[in-house]
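Going left to right, the sequence shown walks through residues -4 to 259 as my numbering numbers them.
Here is the structure we will look at.
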Amino acid sequence: MQKIKFEYSHNTTVANVTLNDGKGNVLDHIMIEDLQELLDSFKSDNNLKLIVFQGAGKHFSFGASVEEHQKEYAAAMLSGFHQLFYSLRDLAIPTAAKISGQCLGGGLEFAAMCNFIFADKTAKMGQPEILLGVFAPAASVILPEKIGYAKSDELLITGRTFGAEEALSIGLVNQLFENQEEMNAGINEWIEQHILPKSASSLRYAVKAARIRFNHILTNFLPQVEQKYVTELMETHDANEGITAFLEKRKAEWEGEMKVEIGN
């Protein structure tokens, strides 16, 4: 595995997974495949009580690869990325994300899938896909369940970036720490108090029960949103123009025409 690091802690009951791909920890197809392989290996680990995700260095993740959002790659990219969400659903092992620095786009979608999010005050979050003329499929399904429609609509439609204190105030983040060092110490204490004393199998049942509505919505609606992205959005001029303009480092020229009628 080249683009992630992995180690056990707490007597092999906690899996620590680090996104490790340079400055931005971009979720490209190689990193996604590495993560999928690791998640598959957890299926037979009956002692695992928690999976913790973090980014190497100063940032959690800049998001999914913009290059792989291009029309010819989008279907495969989304299919592989969304399989990670289904795998986490099926594992039902408690998950936590530790966020420092930028956590944007697919990075925030992946973090939002976790049961718990911890952040320090350097964290900057957002779903900026709309700025590129596209939308965030997983976030469109997950964020309303996590923080409600009023706030998720705002974040998904404006694409604005927000800080850790706002993330805490809207309920997206569970605990906020002053810096990365204090976050690491605080999470370790939290694990020892709230996770380690509990049964690994009972924790999984608790996750399944707590997420019975969430998982129903994810299972039924994420495929629909993915399909809308691939077969409708990516047939428009503006979606392709936005991605191309970003890669070419220029201002997008929008047309605004909807080539395919988007339903409700």
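Glycine included, every Cβ here is placed at the ideal spot set by N, Cα and C.
Which residues bound the beta strand (DSSP E) around asparagine 20? Premise fails: asparagine 20 is in no beta strand (DSSP E) and is neither H nor E.
Under the DSSP definition of a beta bridge, which residues are partnered with isoleucine -1? In DSSP, isoleucine -1 forms a bridge with Leu14.
Can the beta-carbon of alanine 195 be found closer than 9 Å to that of leucine 43? yes
Spell out the partners DSSP gives glutamine 170 in its beta bridges. Phe113
Range covered by the alpha helix (DSSP H) that runs through phenylalanine 55: Counting along the chain, phenylalanine 55 falls outside any alpha helix (DSSP H), and DSSP gives it neither H nor E.
Counting only runs that start and end within the segment 84 to 144, where is the beta strand (DSSP E) found for 3 or more residues in a row? 90 to 94, 97 to 99, 111 to 115 and 119 to 121
Rounded to whole angstroms, what's the CA-CA distance from glycine 19 to methionine 229? Just pull it up for me. 25 Å
So, alanine 107 versus leucine 217, is the Cβ gap smaller than 9 Å? no
When you compare each of Gln97, Asp23, Val21 and Phe111 to isoleucine 190 by their alpha carbons, which one comes out closest? Phe111
Would you list the residues sitting across from threonine 156 in a DSSP beta bridge? Gly121
How about the segment 4 to 19 and the segment 65 to 76: do they share at least three Cβ pairs that are nearer than 8 Å? no
Output the distance between the C-alpha atoms of isoleucine 152 and asparagine 6, rounded to the nearest integer angstrom. 44 Å
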